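See structure below.
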Amino acid sequence: WDAGYTGQGQVVAVLDTGIEAAHPMLAGKVVQSISFTGDSVGDAVGHGTHVAGIIAGKENGIGTYDGVAPDAQLWNVKVLDNTGHGAESWIMAGINYAVDPDGNPTTEDGVKIINMSLGGSYTDPDSPIVAAVADAVAQGVTVVIASGNCGPGCPSSDCQGFIGVETPGDAPDAITVGAVDDASQWACFSSGGLVGGGSSLKPDVVAPGVGISSSYVGGIVAPLSGTSAAAPHVSGLVALLLQANPGTSPAAVKNLVEQTAIDFGDPGKDVKYGSGLVDAQSLLP
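In this note's numbering, each number is its position in the sequence shown, counted from 1, plus 19.
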């Protein structure tokens, strides 16, 4: 921030449960909203609002909390309904909308960053959502996805016995994000492992994801934990990077984020920390 990188001019599409756009931390932030769920664009769950604040929230008199890219703007692309669940078709439609909202590939009207703090168990590594992520990346969009909360340390009941990286966090071209606590220790719920039939290792990096205070429904600030809170830290960081270096390709962004991360755990890339803890100072010297 002291160097002037605050996400100015950058737009992040938040594919989630919706966003409470009137929240004091998010006032004026949400410049476009659409719902693919049949529900209104508002957030009845709080999840999407929390994610949005981590990316681009601004203090605005309710505390000392700013998001990672406090001058970035947001698209509210609702792909999870008012119970927090979503259909594969909704998520794919949301991805396609964020990339090309008018359906005309000759116009430049999409975003360059997508955040998906969502996921589900799977048996087929070639899911349609993974293909949609690959298409988005091929069209110049950096896609940041939570690795999931199905780690072997303390699996959630929501995982229903599934252990490992959820889809679409298994997408090879995405930046998949695991979680650490404020002592940079791996969070026991944070998913990791080999994906794509064993061809690649996830997560790619980790970020703070335990007890993260951010905007929440009802105009309040609340602490939540999960890889859902870790991924938006990286989306905000990507916004800073693209402000500093416009036109950087998604592959180059992914490589830079990984190469400048602080290596924790086993030397090199591992199933808990990926390539390490993201480091803004090294990424944007």
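Note that CB positions come from ideal geometry on N, CA and C, so glycine has one too. From a predicted model like this one, the values you see are computed outputs, not experimental measurements.
**Item:** Strand pairing of Leu220, partner residues [DSSP]
**Value:** Leu213
**Request:** Out of Pro124, Thr25, Val64, point me to the one whose CA is closest to Gly76's CA.
**Result:** Thr25
**Prompt:** Rounded to whole angstroms, how far is the Cβ of Pro147 from the Cβ of Glu107, which I believe are closer than 8 Å?
**Reply:** 6 Å
**Request:** Let me know if Pro269 comes out buried or exposed under the rule of 16 or more other beta-carbons within 10 Å of its beta-carbon.
**Result:** buried
**Message:** Give me the residue from Thr36, Ala71, Trp94 with the minimum Cα distance to Val253.
**Reply:** Ala71
**Prompt:** In the structure shown, what three-state DSSP assignment does Pro124 receive?
**Reply:** coil
**Asked** Can you list the alpha helix (DSSP H) stretches of 4 or more residues lying completely in the segment 237-266, in chain order?
**Response** 246-263
**Prompt:** Under 9 Å, do Val87 and Pro251 count as touching if we go by C-beta distance?
**Reply:** yes
**Beta-carbon contacts of Lys288 that lie in its chain and below 7 Å, excluding the five residues immediately before and after** = Leu220, Ser294
**Request:** Throw me the rounded Cβ distance for the Gly65 and Ile38 pair, which I believe falls under 8 Å.
**Result:** No, Gly65 and Ile38 are not in contact; Cβ-Cβ is about 10 Å, not under 8 Å.
**Prompt:** Assuming Leu302 contacts Ser203 under a Cβ cut-off of 8 Å, what Cβ separation, rounded to an integer in Å, is found between them?
**Reply:** Not a contact, Cβ separation roughly 17 Å.
**Prompt:** Per DSSP, what kind of secondary structure is Asn134 in: helix, strand or coil?
**Reply:** strand
**Message:** Going by DSSP, what residue range makes up the alpha helix (DSSP H) through Trp20?
**Reply:** First-last for Trp20: undefined, no H or E at that position.
**Coarse secondary structure for Val160, derived from DSSP in three states** = coil
**Message:** Beta-carbon within less than 7 Å of Ala46's beta-carbon, same chain only, minus the 5 sequence neighbours each way: which residues are those?
**Reply:** Asn79
**Burial state of Thr56, where buried means 16 or more other Cβ atoms lie within 10 Å** = buried
**Range covered by the beta strand (DSSP E) that runs through Gly197** = 194-199
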